[in-house]
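Peer 1: Pasting in a structure now, in structure tokens, and then I'll have a few things to ask.
Numbering (full-length UniProt numbering), first residue to last: 1 to 97.
Shown next as structure tokens:
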């Protein structure tokens, strides 16, 4: 089973490590814990993402929606080429600008 880890190295950053795929996105409660007490901006650092698929992109869009409900802006850092391509194909790049 693919491995995905979410850690919070600082108050405003969530580090996403491993595969951001359909098989790895099974623990919604982990994300909920990391999003608690988020400030006005939260950064997802994707520098350690090794693989991403459309489910991973959907998860990012879902996270964006949850944060908007809390008046928190989500910004992506170090976006891998594979995710940039998926965002372009899905015409959703502008959601994260």
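Using N, Cα and C, we set each Cβ at its ideal position, and we do this for glycine too. Just so you know, these numbers come straight off a predicted model, no measurement behind them.
Look at the Cβ atom of residue 57, then the Cβ atom of residue 31, and state whether they are nearer than 8 Å.
Peer 2: Result no, Cβ atoms of residue 57 and residue 31 do not sit closer than 8 Å.
Peer 1: With respect to the alpha helix (DSSP H) encompassing residue 55, which residues constitute its N-terminal and C-terminal limits?
Peer 2: Looking at the DSSP string, the run of the alpha helix (DSSP H) that includes residue 55 is 54-69.
Peer 1: Might you give, ordered along the chain, the residues of its own chain that have their beta carbon closer than 7 Å to the beta carbon of residue 22, omitting 5 neighbours on each side?
Peer 2: So the list reads 53, 55, once near-sequence residues are dropped.
Peer 1: Near residue 24, which residues of its chain fall below 7 Å by C-beta distance, leaving aside the five closest residues on each side in sequence?
Peer 2: Cβ neighbours of residue 24 beyond the five flanking positions: 2, 3, 4, 18.
Peer 1: Give me the DSSP bridge partner(s) of residue 14.
Peer 2: Residue 14 pairs with 44.
Peer 1: Check whether the Cβ atoms of residue 67 and residue 74 sit closer than 8 Å, and answer yes or no.
Peer 2: Taking 8 Å as the Cβ cut-off, residue 67 and residue 74 qualify as a contacting pair.
Peer 1: Relative to the C-alpha of residue 65, which candidate in 10, 20, 47, 95 has its C-alpha closest?
Peer 2: Answer by Cα proximity: 95.
Peer 1: Say the cut is 7 Å; is the CB of residue 37 nearer than that to a heavy atom of the ligand GDP?
Peer 2: You won't find the ligand GDP in this model; it holds no ligand whatsoever.
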